[in-house]
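K.L.:
Once you've had a glance at the structure underneath, I'll fire off some questions.
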Amino acid sequence: MSRHRSPGGSTDSAVIDEAVDRASTREVSTHRLPPPPSSLRGRVVVAAVAVGAFAAAGAAQTVQALGGPSQSASDEVMPLAASAPDGAAAFGVGGDEAPAAPQIIPVAKTVDAASEAQKLAKSQQIVEQREAAEAERLRPKFVSPAQGTFTSGYGGRWGTVHYGIDIAGPTGTPILSAADGTILEAGTASGFGLWVRVLHDTGEVTVYGHVDSYSVSKGQRVKAGEQIARMGNRGVSTGTHLHFEVWESDGGLKLNPQTWLNARGIVV
1 MSRHRSPGGS TDSAVIDEAV DRASTREVST HRLPPPPSSL RGRVVVAAVA VGAFAAAGAA
61 QTVQALGGPS QSASDEVMPL AASAPDGAAA FGVGGDEAPA APQIIPVAKT VDAASEAQKL
121 AKSQQIVEQR EAAEAERLRP KFVSPAQGTF TSGYGGRWGT VHYGIDIAGP TGTPILSAAD
181 GTILEAGTAS GFGLWVRVLH DTGEVTVYGH VDSYSVSKGQ RVKAGEQIAR MGNRGVSTGT
241 HLHFEVWESD GGLKLNPQTW LNARGIVV
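Structure representation (structure tokens):
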């Protein structure tokens with residue numbers, strides 16, 4: 001807007017200028033407030049800083065008065081679980097009701113050590129029994145009474161009857177029970193010096209004569225192949241040998257030992 005001055009004076013012009021300035025000021029104030037002077041802003045900032053300092057100092061004095069000596073920052077921070085009187089606080093349990101006790105769930109034993117040991121022992125026993133049965137099945141039931149040289153057979157000899165067979169060998173050669181049985185006698189005998197007689201499970205009796213020594217006693221149980229004596233030259237004998245006889249029973253008919261052995265798969 002152009003400003004007009006009165007050609008005659010300055011008073012009217014000054015009034016007009018003042019009115020124009022006020023209108024401009026009102027127009028500007030409708031949009032934003034004018035910023036405060038810089039000197040006023042500085043005084044406000046200084047006052048705010050001073051108030052904050054006084055507030056901090058007062059708070060520190062209050063804490064010291066109420067809580068005793070100052071504590072470090074790490075002391076002021078305490079976990080919830082550590083400050084709680086029991087473990088319930090660690091889990092956020094609160095209120096008037098007492099915390100429930102932890103539930104213990106019983107776990108059933110899946111293995112009984114004693115029972116398993118018994119089963120193992122029983123299994124081992126069964127295995128041993130089977131092995132023993134297999135060994136018994138494979139064990140020979142009849143054997144040759146001695147190893148050596150066949151020197152004389154059953155029958156007539158030098159005008160008499162020879163009721164056994166002779167097997168010659170070195171002194172001390174092992175003499176074995178020809179079959180399973182029980183010792184009837186072990187000791188001295190007329191004409192034989194020392195002998196051993198065995199009653200077998202089948203009823204027959206075997207006789208071992210001229211032995212140098214024996215290692216069994218009456219009533220002892222023996223198995224086929226078990227050593228019962230050693231070869232010698234005692235009694236009426238012309239050299240170290242075993243005189244072997246087979247009786248049908250104790251005191252019964254004397255059988256041909258060679259035939260008896262052959263019938264059981266033994267060749268001498």
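Heads up, the sequence shown is in the UniProt record's numbering, so the first residue is 1 and it goes up one at a time. We put the CB at the ideal spot given by N, CA and C, even for glycine. Small disclaimer: the values here were computed from a predicted structure and weren't measured.
What does the Cβ neighbour count give for Gly219, buried or exposed, with the cut at 16 atoms within 10 Å?
P.N.:
By the neighbour-count rule (16 or more Cβ atoms within 10 Å), Gly219 is not buried but exposed.
K.L.:
How many angstroms separate the CA atom of Thr160 from the CA atom of Pro145?
P.N.:
Going from the Cα of Thr160 to the Cα of Pro145 covers about 24 Å.
K.L.:
Assuming Ile126 is part of the alpha helix (DSSP H), what are its boundary residues?
P.N.:
113-138 is the extent of the alpha helix (DSSP H) around Ile126.
K.L.:
Closest by CA to residue 345, which one among Gly193, Glu134, Trp247, Asn262?
P.N.:
The question about residue 345 has no answer, for the chain in this structure spans 1 to 268.
K.L.:
Let me check understanding here. Comparing Cα to Cα, which of Ile165, Pro140, Gly203, Ala229 lies closest to Gly251?
P.N.:
Measuring from the Cα of Gly251, the nearest candidate turns out to be Gly203.
K.L.:
Would you call Pro257 buried or exposed, if buried means 16 or more other Cβ atoms sit within 10 Å of its Cβ?
P.N.:
Flag for Pro257 reads buried.
K.L.:
In the DSSP output, which residue or residues are listed as bridge partners for Thr206?
P.N.:
Answer is Val198, Val246, bridged to Thr206.
K.L.:
Taking the alpha-carbon positions, what's the Ala82 to Thr110 distance?
P.N.:
In this prediction, Ala82 has a pLDDT of 46, which is less than 50 and means its spatial position is unreliable; nothing more can be read from the coordinates.
K.L.:
Could you please give me the residues that DSSP links to Tyr214 through a beta bridge?
P.N.:
Per DSSP, Ala229.
K.L.:
Quick check: the stretch 234-249 against the stretch 158-176, are at least 3 beta-carbon pairs closer than 8 Å?
P.N.:
Yes: the two stretches touch, three or more of their Cβ pairs being nearer than 8 Å.
K.L.:
So the beta strand (DSSP E) Thr182 belongs to, where does it begin and stop?
P.N.:
From DSSP, the beta strand (DSSP E) with Thr182 extends over 181-189.
K.L.:
Work out the CA separation of Arg221 and Leu199 for me, nearest whole Å.
P.N.:
If you take the alpha carbons of Leu199 and Arg221, they lie about 10 Å apart.
K.L.:
When the Cα atoms are used, what is the spatial distance from Gln227 to Leu242?
P.N.:
Their Cα atoms are separated by approximately 13 Å.
K.L.:
Could you tell me the boundaries of the beta strand (DSSP E) in which Val176 lies?
P.N.:
This sequence places Leu at residue 176; Val is not what is there. Counting along the chain, the beta strand (DSSP E) containing Leu176 begins and ends at 174-176.
K.L.:
Excluding the 5 residues flanking Ala229 on each side, which residues of the same chain have their C-beta closer than 7 Å to its C-beta?
P.N.:
Once the five neighbours on either side are set aside, the close Cβ partners of Ala229 are Ile175, Val196, Tyr208, Val211, Ser213, Tyr214, Ser215.
K.L.:
Rounded to whole angstroms, what's the CA-CA distance from Thr149 to Gln125? Just pull it up for me.
P.N.:
Answer to the nearest angstrom: the Cα atoms are 44 Å apart.
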